[in-house]
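In terms of UniProt numbering, the sequence shown opens at residue 1 and continues consecutively. The beta-carbon is built from N, C-alpha and C at its ideal position, and this holds for glycine as well. Encoded as structure tokens, the structure appears first; notes follow it.
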Amino acid sequence: MPLELVTIPCLSDNYAYLVHDDKSGETAVFDVPEAGPILETLEARGWRLSHVFLTHHHPDHVQGTADLLAKAPARVIGAAADAHRLPSLDQQVGQGDVVPLGGESVEVIEVPGHTTGHVAYHLPTSAILVTMDSLMHLGCGRLFEGTAAQMFDSLGRMAVLPPETIVCSGHEYAETNVRFALTIEPENSRLISRRDEIAAARAAGRATVPTTLALELDTNPFLRCHIPAVQASVGLADGDPLAVFAEVRKRRDSFS
């Protein structure tokens, strides 16, 4: 059976994710912006934490780890490349490594760009991809440490996964991201529909994540740099997709 997935709002606009295997009782959390909401969810569901998976070192993704472990001890997993700036790790991982979780495996994908040591976690049996600040809902993370080429390659490694894959990203940025995406593809009908769906969700206080890879492929400008309409929109008709990606990222950086 697929693992159960729970989205947990944290801080002002962050998300953590719990996945639970009912047969083994194992439960993993992906990133720990703060401990309180995660502990409350574990208690409400009667789950015991067994694993903590960290995607990258930024404080708004790891700063609650010590407080969480103080009340819910668990095995901490994170990138070997970032071990020097992550909370203390029980297991250091890199590209292609596999971590057992309940009845399935968590596959590690290195996705530098937002940071040089960012990793994503793919759970193929449950069709879950935890991307946090690499591939984001209708966007991608800012290039704080990595290069456009690194992020472009990282997104490409994730874009080839099955389209039904559930994409778990790290922030509630959908309203701004969809407004920006419409400046790139104003006639994209799926994007127009998504704008209305996002507005309705936020008006009702609902999260807009997770999404699916299929939806991102249809609407996320950073995954559509090979599309002629996107290339023309940024003045690079028939341009190299990497150059188009860099221009889209540059435009998003100055968009508000």
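For ARG75, DSSP records a beta bridge to HIS51. Nearest to GLU43 by alpha-carbon distance, out of ASP22, LYS71, PRO33 and ALA204, is LYS71. Here DSSP, grouped into helix, strand and coil, assigns ALA127 to coil. Where VAL178 is concerned, the enclosing alpha helix (DSSP H) starts and stops at 174 to 184.
Bridge partners of HIS122 according to DSSP: GLU107 and LEU129.
In the DSSP annotation of this structure, the continuous segment of the alpha helix (DSSP H) that includes GLU247 starts and ends at 241 to 253. Taking the C-beta atoms as reference points, LEU3 is found nearer than 7 Å to SER126. Taking all protein chains shown into account, GLU247 has 16 or more neighbouring C-beta atoms within 10 Å of its C-beta and is therefore buried.
For GLU4, the uninterrupted beta strand (DSSP E) run begins and ends at 4 to 10, by DSSP. Residue pairing of CYS140 in beta bridges, as defined by DSSP: LEU135.
Shown here for LEU236: same chain residues with a beta carbon closer than 7 Å to its own, the five before and five after excluded, namely ALA243, VAL244 and GLU247 in chain order. According to the DSSP secondary-structure assignment, THR212 is paired through a beta bridge with ILE166.
Put simply, the backbone Cα of PHE53 is about 6 Å away from that of ASP31.
Pairwise C-beta distances place the segment 10 to 28 in contact with the segment 36 to 51, as three or more of them are shorter than 8 Å. Counting only residues of its own chain and dropping the five nearest sequence neighbours on each side, VAL108 has a CB closer than 6 Å to the CB of VAL93, ASP97 and VAL119. Contact between GLU175 and ILE192 does not hold, since their C-beta atoms are separated by about 14 Å, which reaches or exceeds 8 Å.
In the DSSP assignment, GLU26 forms a beta bridge with ARG48.
In the DSSP assignment, ALA16 falls within the beta strand (DSSP E) that extends over 14 to 20. Taking the C-beta atoms as reference points, HIS114 is found no nearer than 7 Å to GLY78. Within the same chain, no residue comes within 6 Å of THR183 by CB-CB distance, once the 5 residues on both sides are set aside. Counting along the chain, no beta strand (DSSP E) covers VAL230; the unbroken alpha helix (DSSP H) around it starts and ends at 228 to 233. For GLN91, there is no enclosing alpha helix (DSSP H); the residue is found in the beta strand (DSSP E) stretching over 91 to 93. A straight-line Cα-Cα distance of about 30 Å links GLY170 and ALA232. With contacts defined as CB atoms closer than 7 Å, SER154 and VAL111 qualify as a contacting pair. Counting the other Cβ atoms within 10 Å of the Cβ of HIS51 gives 16 or more, which makes it buried. Only residues of its own chain outside the window of five on either side were considered, and among them PRO112, GLY113 and THR116 have a CB closer than 6 Å to the CB of GLY146, listed in chain order. Judged by DSSP secondary structure, PRO59 falls within the alpha helix (DSSP H) whose first and last residues are 59 to 62. With 16 or more other CB atoms across the displayed protein chains lying within 10 angstroms of its CB, GLU172 is buried.
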